[in-house]
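Q: Next up is a structure, given as structure tokens.
Residue numbers (the UniProt record's numbering): 1 to 290.
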């Protein structure tokens, strides 16, 4: 890959190791002159694909995490050469694992100014594709032998194209179907949903995903004042088993000394409905009385 990039800009790779070659290539690209700017724009799409498509807890997942962590750490070290770095992905929960060495990046997932940056809002679809929507409505009307309005077409589109709302009236709709058939994808979507609620309601909360403890990693830890929620998610399982894992691994133990109320929440996602179909919980408050 580095050789291909260097060749495209008629540069020669300098150095013996990958890291030195990468560093030198970045420096040389800022000195191209002519019509090229002196700062580089770094665009990284679907950074989390190597994680999502790896079996949970596998050696492959660990190896991919390590490579990504080193890569983003190197980006931070070279940040002075960049105009900006823009990273997209669906798994914000991996920030704690991957971006610990690249804390110069800011998470703008739920910021108002970025709410319509990607996808199409409902207004944009109605305005730009009005003729196509009318044609679909006419076809459905003929096929179903009853009148179908464009509003009904829009309702079906919203069901199938994963609309989301993070700010005000913005309601972007991604132009592709997101197939959520893995536990970590449910994880990332729940994380972003909770983060969005907290941002919109102005709540003073602190949330972490894949929070590391001596016994493993808790899926989502959400602290609201003197209350902490520890959530474990399962897929094709049960809320009871998820709750049992929290207690068995003692994910909650570090929080007993500093929080008044500790809530353990186990949830399970249903494959067909793509919704939570089972949950179990336990509230711990006895430690406060001791």
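Just so it is clear, CB atoms sit at the ideal spot from N, CA and C, and this is done for glycine as well.
Would you mind sorting residue 221 into buried or exposed? The rule is 16 or more other CB atoms within 10 Å of its CB.
A: For this step, residue 221 is matched to residue 221 along the chain shown. The Cβ neighbour count for residue 221, taken over all protein chains shown within 10 Å, is at least 16; the residue is labelled buried.
Q: Please give me, in chain order, every unbroken run of the alpha helix (DSSP H) with length at least 4 that falls completely inside the region 107-137.
A: Here the runs fully enclosed are 122-128.
Q: Leaving out five residues on either side along the sequence, give the residues of the same chain with a beta carbon under 7 Å from the beta carbon of residue 19.
A: On the chain shown, residue 19 is found 19 positions in, with the first residue counted as 1. Excluding residues within five positions, the ones whose Cβ falls inside 7 Å are 74.
Q: Using the Cβ count rule (16 or more neighbours within 10 Å means buried), how would you classify residue 94?
A: Position 94 of the chain shown, counted from the first residue, corresponds to residue 94. A caution first: residue 94 carries a pLDDT of 47, below 50, which makes its placement in the model unreliable, though a value can still be read off. Buried: at least 16 other Cβ atoms inside 10 Å.
Q: Name the one or two DSSP bridge partners that residue 268 has.
A: The residue you call residue 268 lines up with position 268 of the chain shown. Per DSSP, 234, 278.
Q: I believe residue 267 touches residue 231 by the beta-carbon criterion, under 8 Å. Please report the beta-carbon distance rounded to the nearest angstrom.
A: Counting from one through the chain shown, the residue named residue 267 turns up at place 267. Counting from one through the chain shown, the residue named residue 231 turns up at place 231. The pair is a contact, with the Cβ atoms about 7 Å apart (cut-off 8 Å).
Q: Pull up the DSSP beta-bridge partners for residue 224, would you.
A: Within the chain shown, residue 224 is the residue found at index 224, counting from 1. Answer by DSSP bridge pairing, in chain order: 205, 227.
Q: Measure the CB-CB distance between residue 40 and residue 2 and report whether it falls below 9 Å.
A: One-based indexing of the chain shown puts residue 40 at position 40. One-based indexing of the chain shown puts residue 2 at position 2. Judged by their CB atoms, residue 40 and residue 2 are not nearer to each other than the 9 Å cut-off.
Q: For residue 245, does the count of other Cβ atoms within 10 angstroms reach 16, so buried, or fall short, so exposed?
A: If you number the chain shown from 1, residue 245 lands on position 245. It counts as buried.
Q: Apart from the five residues on each side of it in sequence, which residues of its chain come closer than 8 Å, Cβ to Cβ, to residue 149?
A: For the purposes of this step, residue 149 is taken as residue 149 along the chain shown, with counting starting at 1. The residues are 137.
Q: At the level of alpha carbons, what is the spacing between residue 239 and residue 260?
A: On the chain shown, residue 239 is found 239 positions in, with the first residue counted as 1. On the chain shown, residue 260 is found 260 positions in, with the first residue counted as 1. One alpha carbon belongs to residue 239, the other to residue 260, and they sit about 24 Å apart.
Q: Can you name, in chain order, every residue of its own chain whose Cβ lies under 8 Å from the Cβ of residue 102, other than the five neighbours on each side?
A: For this step, residue 102 is matched to residue 102 along the chain shown. Correct list, in chain order: 72, 73, 75, 76.
Q: Quickly, what does DSSP pair residue 82 with across the bridge? List them, please.
A: What you label residue 82 is simply residue 82 of the chain shown in a count that begins at 1. Residue 82 is bridged to 40.
Q: Where does the unbroken alpha helix (DSSP H) through residue 46 begin, and where does it stop?
A: The count along the chain shown starts at 1 and reaches residue 46 at position 46. No alpha helix (DSSP H) holds residue 46; DSSP gives it neither H nor E.
Q: Tell me the rounded alpha-carbon separation between residue 142 and residue 29.
A: If you number the chain shown from 1, residue 142 lands on position 142. If you number the chain shown from 1, residue 29 lands on position 29. In this structure, the straight-line span from the alpha carbon of residue 142 to that of residue 29 is close to 59 Å.
Q: Can you give me the Cβ contacts of residue 45 inside the same chain, cut-off strictly under 6 Å, excluding the 5 residues immediately before and after it?
A: In the chain shown, counting from the first residue as 1, residue 45 sits at position 45. Excluding sequence positions up to five before and after residue 45, its CB lies within less than 6 Å of the CB of 88, all in the same chain and listed in chain order.
Q: Quick one, which of 218, 216, 225 has its alpha-carbon nearest residue 205's?
A: The residue labelled residue 205 in the question sits at position 205 within the chain shown. If we check each option's Cα against that of residue 205, 225 comes out closest.
Q: Report the partner residues of residue 25 according to the DSSP bridge assignment.
A: As a working mapping, residue 25 is identified with position 25 in the chain shown. DSSP, once it has assigned bridges, lists no residue as partnering residue 25.
Q: Closest to residue 158 by C-alpha separation, out of 126, 277, 145, would be which residue?
A: Your numbering for residue 158 matches position 158 in the chain shown. Comparing Cα-Cα distances from residue 158 to each of 126, 277, 145, the minimum goes to 126.
Q: Rounding to the nearest angstrom, what Cα-Cα distance links residue 132 and residue 48 in this structure?
A: For the purposes of this step, residue 132 is taken as residue 132 along the chain shown, with counting starting at 1. For the purposes of this step, residue 48 is taken as residue 48 along the chain shown, with counting starting at 1. About 34 Å.
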